[in-house]
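If you're matching them up, the sequences are chains S and P in order. Start counting the first sequence at 3; every next residue gets the next number (this note's numbering). Start counting the second sequence at 183; every next residue gets the next number (this note's numbering). Cβ coordinates follow ideal geometry from the N, Cα and C atoms, glycine included.
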Amino acid sequence: MATQHSRSAARLMMAPAVILLLGWMLVPLTMTLYFSFKKFLPLRGDSLGNGLEWVGLENYSRFVGSSSFWPSVQATLIIVGSVLVITVVLGTLLALLLDQPMWGQGIVRILVITPFFVMPTVSGLVWKNMFMDPINGILAHLFKFFGAQPLEWLSQASMQSIIMIVSWQWLPFATLILLTAIQSLDSEQLEASEMDGAPVLKRFWHIILPHMSRAITVVILIQTIFLLSIFAEIFVTTAGAFGTKTLTYLIFQRVLESQNVGLGSAGGVYAIILANIVAIFLMRIVGKNLDR
Amino acid sequence: MGQIVLNKVQKKFGDVEVIPPLDLTIADGEFAVFVGPSGCGKSTLLRLIAGLEDVTSGSIQIDGKEASDAPPAKRGLAMVFQSYALYPHMSVRKNIAFPLRMAKMDKAEIDKRVTSAASVLNLTDYLDRRPGQLSGGQRQRVAIGRAIVREPSAFLFDEPLSNLDAALRVGMRLEISELHKRLDTTMVYVTHDQVEAMTMADKIVVLQAGVIEQVGSPLELYHTPRNVFVAGFIGSPKMNLIEGALAEQHNAKTIGIRPEHVQVATTQSDGALQGTVGVAEHLGSDTFIHIHGVAGCDPMTVRAAGDVTVRHGDTVYLTPDATQIHRFDNDGIRIP
Ligand SMILES: Nc1ncnc2c1ncn2[C@@H]1O[C@H](COP(=O)(O)OP(=O)(O)OP(=O)(O)O)[C@@H](O)[C@H]1O
Ligand SMILES: [Mg+2]
Numbered sequence: 003m004a005t006q007h008s009r010s011a012a013r014l015m016m017a018p019a020v021i022l023l024l025g026w027m028l029v030p031l032t033m034t035l036y037f038s039f040k041k042f043l044p045l046r047g048d049s050l051g052n053g054l055e056w057v058g059l060e061n062y063s064r065f066v067g068s069s070s071f072w073p074s075v076q077a078t079l080i081i082v083g084s085v086l087v088i089t090v091v092l093g094t095l096l097a098l099l100l101d102q103p104m105w106g107q108g109i110v111r112i113l114v115i116t117p118f119f120v121m122p123t124v125s126g127l128v129w130k131n132m133f134m135d136p137i138n139g140i141l142a143h144l145f146k147f148f149g150a151q152p153l154e155w156l157s158q159a160s161m162q163s164i165i166m167i168v169s170w171q172w173l174p175f176a177t178l179i180l181l182t183a184i185q186s187l188d189s190e191q192l193e194a195s196e197m198d199g200a201p202v203l204k205r206f207w208h209i210i211l212p213h214m215s216r217a218i219t220v221v222i223l224i225q226t227i228f229l230l231s232i233f234a235e236i237f238v239t240t241a242g243a244f245g246t247k248t249l250t251y252l253i254f255q256r257v258l259e260s261q262n263v264g265l266g267s268a269g270g271v272y273a274i275i276l277a278n279i280v281a282i283f284l285m286r287i288v289g290k291n292l293d294r
Numbered sequence: 183m184g185q186i187v188l189n190k191v192q193k194k195f196g197d198v199e200v201i202p203p204l205d206l207t208i209a210d211g212e213f214a215v216f217v218g219p220s221g222c223g224k225s226t227l228l229r230l231i232a233g234l235e236d237v238t239s240g241s242i243q244i245d246g247k248e249a250s251d252a253p254p255a256k257r258g259l260a261m262v263f264q265s266y267a268l269y270p271h272m273s274v275r276k277n278i279a280f281p282l283r284m285a286k287m288d289k290a291e292i293d294k295r296v297t298s299a300a301s302v303l304n305l306t307d308y309l310d311r312r313p314g315q316l317s318g319g320q321r322q323r324v325a326i327g328r329a330i331v332r333e334p335s336a337f338l339f340d341e342p343l344s345n346l347d348a349a350l351r352v353g354m355r356l357e358i359s360e361l362h363k364r365l366d367t368t369m370v371y372v373t374h375d376q377v378e379a380m381t382m383a384d385k386i387v388v389l390q391a392g393v394i395e396q397v398g399s400p401l402e403l404y405h406t407p408r409n410v411f412v413a414g415f416i417g418s419p420k421m422n423l424i425e426g427a428l429a430e431q432h433n434a435k436t437i438g439i440r441p442e443h444v445q446v447a448t449t450q451s452d453g454a455l456q457g458t459v460g461v462a463e464h465l466g467s468d469t470f471i472h473i474h475g476v477a478g479c480d481p482m483t484v485r486a487a488g489d490v491t492v493r494h495g496d497t498v499y500l501t502p503d504a505t506q507i508h509r510f511d512n513d514g515i516r517i518p
């Protein structure tokens, strides 16, 4: 029960946090927007002090016009989509498995969660050097053991490799959220469906899965936000080669490798638009699960 | 159809024996009620019959067929849970139809059965709602509807009314009794409310710590409780159990006298027990008077007429009806 008085007090107290967050968001956003309309090549002597040349929408048309633009959008969507599918499906299965009473449950659960605590850069490097190295990697040894020619993962199956690394990183998150969802299911509902004659698979389909739908929605929404901006995993493995250049990576290259801040900023604005389109799209499809 | 026989059924959880070997027969069409204090194993026994728990040893026969190893769905029983256990994401119609869909029954037959169950249970207007949009009593009826469409050979109820308010409970109690009369199907009903037990049962099974203390019709249990536990458990308010000198006068360790079998007077009379009024509960129809100061039984509860006017601290004189005294020996067993 908020009175007029307590409400205005609350506003006053929240103000610093709100202002800080707003500033945090608005300053980079305005700067990005500002640069995206300017010619800004630091190596050619452009600087804020000398004043920047206004070029209108040229950066925007050049960014989209470049031959790497559409492939990078495609790569982004493929990575995000595949990782979502893999983590949600495997996460559900793992959660079902971890929900079963078993020996050493506590330790197994901790082990399952650990990949999430490994920094993206580190996990990218671990995968690259320990697993996927065509000469000394574990996978190479495994291939040789079975008499097969070791695969050069990062060049021959670059996309799959990135998807594998990122899925490995995000699987614990999905598993954890889905596990808590499964655990919150009222066991009497399962027993009732058992008495109603539903075999295991139908129980999963009619009772467990609908119960989990809200948690799955949350997993998809949160992961999408973070997956759209993955960078370190690509940077330390393929460095954007072999068709793994995502939109985020393209922007990085424009700003830091080509030293074209204006062009990169225009890319950033496109990325914001793409993220919002995806978000609206997802909210439409799955968001209705949330307000039930 | 619907006879349930338990033969030396035993249940252990790990090392804890919750139900020591127990025999029980529930006849076809009977309304059997399990009562007992909390934790005595009523739900466990019901779940053993349902097949949701495995028996540790012993056997269960349903309709003369061995069922101890059959999965729940194959036993032909339907269960109504205390928490209703409705499927929250399905409409009432889908909830009720669920067991039929699982049995791969054809669409027309499902519709017919759901419609008729809904009309029996006054749910016709709610068929398209979700369980979350129903009141407690309506949810309870949906759970019953889901049980009756399967036309099971017996119904199992685990404290189905304990989440409802008092008035609704009385109503639902009648509805379930009527349903039993109409369907004439075996029902096994768990409760700790002994008014439910007395009013609904054909046969009451009194349990304590997994042991059957007595099996019988409500009035049998009321008039001839086999031991002190049953005597104290059946009847409301509780029977007064008196020990000491008064009991010895009747050659017993303990004697029991129900509140309704004691006369209260405000004037001294021959052989009457003297006591002081503690609390008098006026229900309108009756007055329950709790009396202190009677040796061997404190407080003693007495039922008097509704218009009796006694107040806290009044001295009263009590005369138990000698023909209604229950006597129990040192082991708490009834002396005939
Ligand atoms: N899964 C289990 N594991 C171990 N012990 C259990 C389990 N289920 C029940 N018990 C024990 O068995 C005993 C009987 O439990 P049960 O649920 O049958 O009691 P109840 O008579 O239904 O009680 P209430 O009236 O409170 O529902 C209790 O002591 C309980 O602690
Ligand atoms: Mg119980």
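{"Item": "Extent of the continuous alpha helix (DSSP H) to which K276/P belongs", "Value": "274-284"}
{"Item": "Cβ pair V377/P, Q396/P closer than 8 Å", "Value": "no"}
{"Item": "Within the segment 248-292 of chain S, ranges of the alpha helix (DSSP H) (whole runs, at least 4 residues)", "Value": "249-254, 263-288"}
{"Item": "beta-carbon D340/P near ligand 3 non-hydrogen atom, thresh 7 Å", "Value": "The model on display carries ligand 1 and ligand 2 but not ligand 3."}
{"Item": "Under 7 Å from the C-beta of M284/P: neighbouring residues of chain S", "Value": "D198, G199, A200, K204"}
{"Item": "Cβ contact check for the segment 243-251 of chain S and the segment 70-83 of chain S: 3 or more pairs under 8 Å", "Value": "yes"}
{"Item": "Residues bridged to F216/P [DSSP beta-bridge criterion]", "Value": "V372/P, V387/P"}
{"Item": "First and last residue of the uninterrupted alpha helix (DSSP H) at D468/P", "Value": "No alpha helix (DSSP H) contains D468/P, which is instead part of the beta strand (DSSP E) from 468-474."}
{"Item": "Closer than 8 Å to chain P by CB, Q191/S", "Value": "yes"}
{"Item": "Entirely enclosed beta strand (DSSP E) segments - the segment 214-259 of chain P, minimum 3 residues", "Value": "239-244"}
{"Item": "Residues from the segment 415-427 of chain P in contact with chain S, defined by Cβ distance under 9 Å", "Value": "none"}
{"Item": "Chain-ordered chain P contacts of D188/S [CB-CB under 8 Å]", "Value": "S265, A267"}
{"Item": "Short CB-CB distance (under 8 Å) between A194/S and chain P", "Value": "yes"}
{"Item": "Limits of the beta strand (DSSP E) - the one that P502/P falls within", "Value": "497-502"}
{"Item": "heavy atom of ligand 2 below 7 Å from S225/P C-beta", "Value": "yes"}
{"Item": "Distance CB(G58/S)-CB(F39/S) smaller than 8 Å", "Value": "yes"}
{"Item": "Listed by chain order, chain P residues near P212/S by CB distance under 9 Å", "Value": "Y269, P270, H271, M272"}
{"Item": "Interface flag, I184/S vs chain P, CB-CB below 8 Å", "Value": "no"}
{"Item": "Nearest-angstrom Cβ-Cβ length linking V274/P and P334/P, presumed shorter than 8 Å", "Value": "Wrong, their Cβ atoms sit about 20 Å apart, outside the cutoff."}
{"Item": "Contact with chain P by I209/S, beta-carbon distance below 8 Å", "Value": "yes"}
{"Item": "contact_flag[the segment 265-280 of chain P, the segment 347-365 of chain P] where n(CB pairs < 8 Å) is 3 or more", "Value": "no"}
{"Item": "Cβ-heavy atom distance, V221/S to ligand 2, below 7 Å", "Value": "no"}
{"Item": "Interface flag, M354/P vs chain A, CB-CB below 8 Å", "Value": "The question asks about chain A, but that chain is absent: this structure's protein chains are S and P."}
{"Item": "Closer than 8 Å to chain S by CB, P481/P", "Value": "no"}
{"Item": "Closer than 8 Å to chain S by CB, H287/P", "Value": "The sequence shown places Met at residue 287/P, rather than the His named in the question. No, M287/P lies away from the interface with chain S (no Cβ there is under 8 Å from its Cβ)."}
{"Item": "Within 8 Å, strictly: CB atoms of Y499/P and Q431/P", "Value": "no"}
{"Item": "Collapsed DSSP secondary structure at G327/P in the structure displayed", "Value": "helix"}
{"Item": "Best match in I253/S, L153/S, E154/S for proximity to I232/S [C-alpha to C-alpha]", "Value": "I253/S"}
{"Item": "Spatially closest choice to G233/P from G495/P, M380/P, L338/P, F415/P, by CA coordinates", "Value": "L338/P"}
{"Item": "Three-way DSSP call (helix, strand, coil) for K420/P in this model", "Value": "coil"}
{"Item": "Chain S within 8 Å of H280/P, Cβ atoms only", "Value": "The amino acid at residue 280/P is misidentified as His; the sequence shows Phe. Judged by the 8 Å Cβ criterion, F280/P is in contact with chain S."}
{"Item": "Rounded C-alpha distance that separates H362/P from A329/P", "Value": "13 Å"}
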